[in-house]
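**Q** In the working numbering, the protein residues as written are 32 to 218. Just so it is clear, CB atoms sit at the ideal spot from N, CA and C, and this is done for glycine as well. Once you've had a glance at the structure underneath, I'll fire off some questions.
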Amino acid sequence: DPLWSRGLGDVYKRQGYNPTYHEFIGDGGSYSERRNIERSEVTGIELELEAQISKSVSAILNYTYAPTKITRSGGPADQPEFKGASFPQSPEDKIFASINWTPVDAATVWVSATYWGEQFEDLAGLRRINSATSVDLGASYQIDEKSSIQLRIENAADSEIESGISSSGLISLSAPRSAWITFSYRN
């Protein structure tokens with residue numbers, strides 16, 4: 032039906048249909064494509080401390096400093112303006128801390144926190160993703176030699192953690208507080 036085809040084509044043009052890639056972009060949406068970088072550098076340091084505080088309490092503290100740099104974008108779409116830019120969605124600083132309590136051999140309770148430094152969504156460094164901290168809680172119990180049960184609460188404080196920002200300014204958030212119960216059986 033020619034009228035239907037023409038109407039559908041008009042909708043595609045209005046909504047941002049790209050006939051070359053056969054993708055549909057809705058009103059207010061944006062299109063981006065990620066390609067591999069020919070050469071890059073990640074140089075940094077990772078420090079980890081583990082301590083047995085008492086017979087039943089242990090702790091871990093980990094710090095990672097890992098600045099990134101694009102040394103050549105390369106390929107047919109070489110973009111020299113990005114030389115020296117940091118990787119998108121790659122914070123330079125990350126800190127992880129955990130305290131574990133094992134009151135009896137079969138049971139462990141823990142609390143952990145992870146901090147991510149600020150980062151950029153894009154190569155141009157225009158869309159900043161804020162730093163964030165997430166606190167997780169958990170407990171596990173070894174029922175017998177073959178089975179165990181675990182409870183985890185991720186993002187226990189229900190923090191709004193930015194995970195991305197589109198070119199139109201739409202902010203994506205990581206998962207809100209989530210609870211998991213896992214039963215494991217090993218044959």
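In chain order, what residues of the same chain have a beta carbon less than 7 Å from the beta carbon of residue 52, not counting five sequence neighbours either side?
**A** Low local confidence applies: a pLDDT of 46 at residue 52 is under 50, so the model's placement there is unreliable, and no value is given.
**Q** Whose C-beta lies closer than 8 Å to the C-beta of residue 156 among residues of the same chain, with five residues either side of it excluded?
**A** Answer for residue 156: 116 and 117, listed in chain order.
**Q** Is it buried or exposed for residue 149, if we count other Cβ within 10 angstroms and need 16 for buried?
**A** exposed
**Q** Roughly how many whole angstroms lie between the Cα atoms of residue 146 and residue 199?
**A** If you draw a straight line from the Cα of residue 146 to the Cα of residue 199, it is about 27 Å long.
**Q** The beta strand (DSSP E) spanning residue 127 covers which residue range?
**A** Where residue 127 is concerned, the enclosing beta strand (DSSP E) starts and stops at 124–135.
**Q** Residue 188 to residue 70, Cα distance in whole Å?
**A** 39 Å
**Q** Alpha carbon to alpha carbon, what distance is there between residue 112 and residue 135?
**A** 58 Å
**Q** Please work out which residues of its chain come closer than 7 Å, Cβ to Cβ, to residue 84, disregarding the five sequence neighbours upstream and downstream, and give them in chain order.
**A** Once the five neighbours on either side are set aside, the close Cβ partners of residue 84 are 90.
**Q** With a 10 Å radius around its C-beta and 16 neighbouring C-beta atoms as the bar for buried, classify residue 3 as buried or exposed.
**A** This structure cannot speak to residue 3, because the chain is shown only from 32 to 218.
**Q** Under a Cβ-count criterion, where at least 16 other Cβ atoms within 10 Å of its own Cβ denotes burial, should residue 75 be classed as buried or exposed?
**A** exposed
**Q** On the CB-based measure, 16 or more other CB atoms within 10 Å of its CB, does residue 152 come out buried or exposed?
**A** The residue in question, residue 152, is buried, as its Cβ has 16 or more Cβ neighbours within 10 Å.
**Q** Please say whether residue 93 and residue 79 have beta carbons closer to each other than 8 Å?
**A** It is a contact, given that the beta carbons lie within the stated cut-off.
**Q** Secondary structure at residue 77, three-state DSSP: helix, strand or coil?
**A** strand
**Q** Could you have a look at residue 42 and say whether DSSP puts it in helix, strand or coil?
**A** Residue placement at residue 42 cannot be trusted, given a pLDDT of 40 that sits under 50; the coordinates are not used to answer.
**Q** Thinking C-alpha only, which one of 203, 185 and 180 is nearest residue 212?
**A** 180
**Q** Could you check the C-alpha separation between residue 195 and residue 170 for me, to the nearest Å?
**A** 31 Å
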